[in-house]
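Those sequence lines, one after another, are chains R and C.
1 is the number of the first residue of the first sequence in the numbering used here; add one for each residue after it.
1 is the number of the first residue of the second sequence in the numbering used here; add one for each residue after it.
To keep things clear, I will list the structure first and then write my remarks on it.
Number of protein chains: 2
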Amino acid sequence: RRPKTDFGSEQSERFRLRFPPSLQAMPSTHSLSRRGASLLDVSPMAPYIHEHMVRAADADPNDPERYIGLCVAENLQMWDILEPQLNRNRNVQRGSVAYDAMIGSQNLREQIASFASEHVWGRSVDPDRVIVLAGGGSILETLFYVISSPGDGVLVPTPSYAGYWADLETRDNLKVVPVHTSSEDGFKLSPALLESAYIDAGVPVSALLITNPDNPTGRMMPSKDMNAAIQWARSHDLHVVVNEIYALSVHGDEPYEPVGRVIDNLATDVHEVWGFSKDFAMSGLRCGVMTSNNTDVLDAISELAYWSLVSGDTQHLLAGMLRNTEWTETYLREMRSRLRRSYDVTTSALDAADIPYVDGDAGLFLLADMRRFMDEATWDAEDRLWRKVLDEAAVNLTPGSACHIGEPGFMRICFATEPPEVVARAISRFAAILNNVCVKDT
Amino acid sequence: RRPKTDFGSEQSERFRLRFPPSLQAMPSTHSLSRRGASLLDVSPMAPYIHEHMVRAADADPNDPERYIGLCVAENLQMWDILEPQLNRNRNVQRGSVAYDAMIGSQNLREQIASFASEHVWGRSVDPDRVIVLAGGGSILETLFYVISSPGDGVLVPTPSYAGYWADLETRDNLKVVPVHTSSEDGFKLSPALLESAYIDAGVPVSALLITNPDNPTGRMMPSKDMNAAIQWARSHDLHVVVNEIYALSVHGDEPYEPVGRVIDNLATDVHEVWGFSKDFAMSGLRCGVMTSNNTDVLDAISELAYWSLVSGDTQHLLAGMLRNTEWTETYLREMRSRLRRSYDVTTSALDAADIPYVDGDAGLFLLADMRRFMDEATWDAEDRLWRKVLDEAAVNLTPGSACHIGEPGFMRICFATEPPEVVARAISRFAAILNNVCVKDT
């Protein structure tokens with residue numbers, strides 16, 4: 001049994017560890033600052049995360065009826081490929097234990113520039129324009145600190161990555177302004193939707209944050225839509241942040257089209273975020289990456305870098321990994337092929353169960369349409385459905401509410417946390433229960 | 001020659017890396033937020049740091065006349081002891097690449113609790129009360145975020161660690177209120193000095209930050225003075241943060257007396273900071289530590305932890321190191337013995353040169369009294385003296401102004417960045433120049 005806190009977490013729902021009640025019995029606690037106390041007022045942990053922590057810790061891996069968590073966007077299917085490379089040449093270097101450049105070692109930034117120019121950004125990026133910080137969350141938090149002012153709104157199309165609310169609102173004091181897209185047209189983002197959200201924001205809006213490939217829909221945004229969104233943002237003088245954290249996790253036939261190829265000129269208003277957590281299946285090593293043409297943005301972030309530094313030893317580890325281009329090619333090929341198989345097995349199981357889903361191109365998840373299993377189109381009904389799948393089938397999905405979807409009844413299925421066969425078994429399990437008892441229109 | 005950005009930095013003066021001017025030529029930069037732009041307004045890099053970066057990169061290690069930097073508080077004399085332990089059992093663990101608890105893995109926090117309870121804190125601390133973040137700077141920054149409100153003052157006795165200004169003022173929007181102690185009574189901190197600074201602060205004061213053992217004096221605060229300072233703080237209902245980052249770097253005969261032993265009851269108002277950077281000579285691995293009896297403080301910090309996470313692989317590395325108690329005993333013995341030798345050689349060289357200094361007990365530095373080499377007791381004269389030592393002797397000391405000392409003429413000599421013989425040579429070098437040309441009263 002894993003120790004209590006040795007749980008898998010994820011960028012999107014960062015598990016909190018509240019200290020045990022036994023420690024809270026001390027009388028007359030010296031009081032916190034108001035901003036400190038407000039951190040204690042956060043709403044209780046999302047139920048699906050709480051359930052995941054409790055149940056994953058208790059699950060017996062040999063029990064076919066065991067709990068299956070499909071609610072965390074981690075790729076846990078690549079360890080056999082990662083391990084030999086990571087454990088090659090593992091000597092801690094003398095330079096790794098001493099201070100180095102705050103924005104990442106020259107060595108790592110050169111390796112990232114070389115690798116990501118080819119595989120992620122689709123254009124040649126100078127290492128001097130690359131910043132490395134302790135995880136994608138730190139990149140987003142510092143980037144928005146320097147481009148947006150307290151109280152500003154940031155437009156975020158939904159369905160969305162759940163973690164943006166914490167990344168932008170907690171320390172940066174921004175307000176996420178959701179731009180709800182609709183299932184009716186495949187969650188398409190349009191200037192009309194952006195304009196409407198912008199007008200109704202109620203706060204000054206200073207930036208647009210786009211995730212591409214998208215979480216949780218698993219779709220790549222058509223270049224035409226990306227172009228239109230950025231042109232719209234430019235017409236309002238907004239910064240645009242494109243989070244390409246899943247750029248390499250493509251399982252469809254089409255290659256990913258990086259924003260640097262979609263837009264003629266990224267100028268100084270479009271900033272790109274990437275990292276190792278998703279595409280290299282190593283969320284625990286905490287290495288997020290960004291690049292921008294805006295030197296002021298880079299300079300200002302470098303002033304904040306000291307409080308989000310990456311371990312020098314981990315930087316050395318990752319630089320060595322990227323330098324081994326033969327291995328990275330193998331890794332990418334195998335990673336995509338496994339994602340493809342996971343996606344195919346998952347969608348076959350959903351097809352067999354007659355559960356619709358959004359066709360995906362990329363990412364570690366897909367979005368299932370489970371509206372027909374609800375007795376009413378409400379968030380309460382969605383919550384009951386999620387709870388039923390969990391309690392009766394021991395399968396944990398990410399409810400659409402956590403992804404801030406504009407309409408109830410969708411669930412995110414993370415298919416890379418478990419081997420494909422286990423994902424298929426999980427789907428069969430809950431489909432049997434749902435189809436038996438509450439089918440409305442099959 | 002080392003690449004441009006592969007310089008040693010230090011917690012106290014975090015080198016900034018501004019992007020090259022060639023990258024700044026882009027027209028019509030999309031503008032930053034006000035708080036972002038204010039990061040660009042920081043005063044130019046401290047001259048002694050700038051000089052260190054430039055000269056260290058150019059120094060030929062085989063040249064006896066080479067540049068010698070004695071201005072950075074790093075212990076670079078322990079690599080032969082560290083290397084075999086760090087490179088033992090270096091396999092990256094499967095669990096290390098996945099998400100784990102935000103405040104540090106259970107394993108690492110248990111090892112730290114066990115080690116630091118015995119060696120640092122002098123009392124038994126529960127692992128559930130230990131928080132691990134990416135470096136001591138991140139610990140301080142998040143801790144003060146939750147205990148102090150924007151605009152609050154924090155009392156900091158001087159001479160002081162230079163980095164507190166950035167740690168408290170940049171993101172936390174606090175104001176450091178210096179409590180100037182005087183060389184006349186050996187930089188003794190007293191309730192009268194605290195009271196005076198408190199009254200004259202001009203802002204509401206919410207906390208007192210004490211460094212013990214102290215940087216830059218290298219002295220351990222007498223228990224009586226520590227007790228008096230904390231009692232004074234309690235009479236004003238302040239939080240007290242005791243930064244014990246040099247707790248193990250003791251080279252004198254007396255053992256360090258941790259605040260947990262000095263004070264009967266740490267209650268919920270005294271918080272302790274420690275880390276691996278100084279005492280384990282690994283500032284580049286970024287692992288800071290704190291403990292507190294205040295569960296609200298721990299809970300609130302855990303809400304901020306996500307943006308300052310330590311690499312899972314580095315956590316594994318450090319947990320394994322601490323588990324090897326035979327090695328840690330050897331390390332501590334050897335580390336202290338080398339510090340002692342460095343201190344002895346350094347003070348002998350100063351004695352021979354007739355340069356007074358503050359008798360030290362701990363730390364990687366001592367404070368030399370170079371007032372007699374100045375033609376007037378001004379900061380300009382101190383700056384000229386520092387520049388003369390640098391230009392004519394190629395030795396870089398930390399000027400007292402950087403340590404916010406209340407009176408000009410003191411210089412910090414970091415004696416653990418170079419082998420003792422090199423430190424002695426550096427002192428002879430600048431002493432010969434100073435004693436020849438501007439001795440006033442030998």
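Positions of the beta carbon are idealized from the N, C-alpha and C atoms, including for glycine.
TODO: Tell me, please, whether the CB atom of S138 of chain R is closer than 8 Å to any CB atom in chain C?
DONE: yes
Worksheet item: Per DSSP, R412 of chain R forms a beta bridge with which residues?
Response: R:L367, R:T398
- Query: Of the choices C:T328, C:D383, C:V310, C:E382, whose alpha-carbon is the least far from that of Y99 of chain C?
  - Reply: C:V310
Under 9 Å, CB to CB, which of the residues in the region 298-312 of chain R have a partner in chain C? L298, D299, A300, I301, S302, E303, L304, A305, Y306, W307, S308, L309, V310, S311, G312
Rounded to the nearest angstrom, what separates S428 of chain R and C403 of chain R at their Cα positions? 24 Å
Could you tell me which whole beta strand (DSSP E) segments of length 3 or greater appear in the region 58-106 of chain R? 68-70
* Asked: What's the C-alpha gap between G104 of chain R and F276 of chain R?
  -> 14 Å
query = In three-state terms, what does DSSP make of T268 of chain R?
reply = coil
| Going by DSSP, which residues form a beta bridge with H180 of chain R? | R:T158
Closest by CA to P159 of chain R, which one among R:P150, R:T211, R:S96? R:T211
Per-residue burial, R286 of chain R [other beta carbons within 10 Å of its own, 16 or more giving buried] = buried
**Prompt:** Is M282 of chain C close to chain R, meaning its C-beta is less than 8 Å from at least one C-beta of that chain?
**Reply:** yes
| query | Residues of chain C with a CB under 9 Å from the CB of Y145 of chain R: which are they? | reply | S33, R35, G36, L39, R171
Check: How would you write the range of the beta strand (DSSP E) that T378 of chain R sits in, first residue to last?
Finding: Run containing T378 of chain R: none; DSSP gives neither H nor E here.
Closer than 6 Å by C-beta to H50 of chain C: which residues in its own chain qualify, once you throw out the five before and the five after it? Chain order, please. none
- Task: Please confirm if Y99 of chain C has its CB atom under 8 Å from at least one CB of chain R.
- Result: yes
Cβ shell of P191 of chain C (< 8 Å), same chain only, five flanking positions each side left out
A228, A229, Q231, W232
ask   = According to DSSP, which residues form a beta bridge with A362 of chain R?
value = R:V250
- Evaluate T325 of chain R with the Cβ neighbour count: other Cβ atoms within 10 Å of its Cβ, from every protein chain shown; 16 or more gives buried, anything less gives exposed. exposed
Looking only at its chain, what residues have a beta carbon closer than 8 Å to the beta carbon of W79 of chain C, apart from the 5 residues adjacent to it on each side? A281
Worksheet item: Mind checking whether V273 of chain R and V241 of chain R have CB atoms under 8 Å apart?
Response: yes
- Query: Which chain R residues are close to E334 of chain C, counting only those with a beta carbon under 7 Å from its beta carbon?
  - Reply: Correct list: empty, because the minimum Cβ distance to chain R is about 16 Å.
Practice prompt. Look up Y357 of chain R in the DSSP assignment and give the residues it is bridged to.
Written response: R:A368
query: Quick check: the region 120-131 of chain R against the region 246-263 of chain R, are there 3 or more CB pairs under 8 Å?
result: yes
Fill in: Buried or exposed (CB count within 10 angstroms, at least 16 for buried), R34 of chain C
exposed
**Asked** Taking just the CA atoms, how far does A73 of chain R sit from A162 of chain R?
**Response** 11 Å
Is the shortest distance between the beta-carbon of D269 of chain C and the beta-carbons of chain R less than 8 Å?
yes
Since R55 of chain C meets chain R, which of its residues come closer than 7 Å, beta carbon to beta carbon? Those do not exist, as R55 of chain C stays about 16 Å from chain R at its closest Cβ, beyond 7 Å.
| said: Any beta carbon from chain C within less than 8 Å of G135 of chain R's own beta carbon? | reply: yes
Residues of the region 79-100 of chain R whose Cβ lies closer than 8 Å to any Cβ of chain C, in chain order
W79, L82, E83, L86, N87, R90, N91, V92, R94, G95, S96, V97, A98, Y99, D100
For E141 of chain C and G36 of chain C, what's the separation of their Cα atoms in angstroms?
18 Å
Quiz prompt | For G284 of chain R, three-class secondary structure by DSSP | solution = helix
* To do: State yes or no: is the C-beta of I355 of chain R within less than 8 Å of the C-beta of M335 of chain R?
  => no
Where the beta strand (DSSP E) containing L133 of chain C begins and where it ends | 130-133
* Asked: Helix, strand or coil: which one does DSSP assign to S124 of chain R?
  -> coil
Q.
Check for me: the beta strand (DSSP E) holding I210 of chain R runs from which residue to which?
A. 205-211
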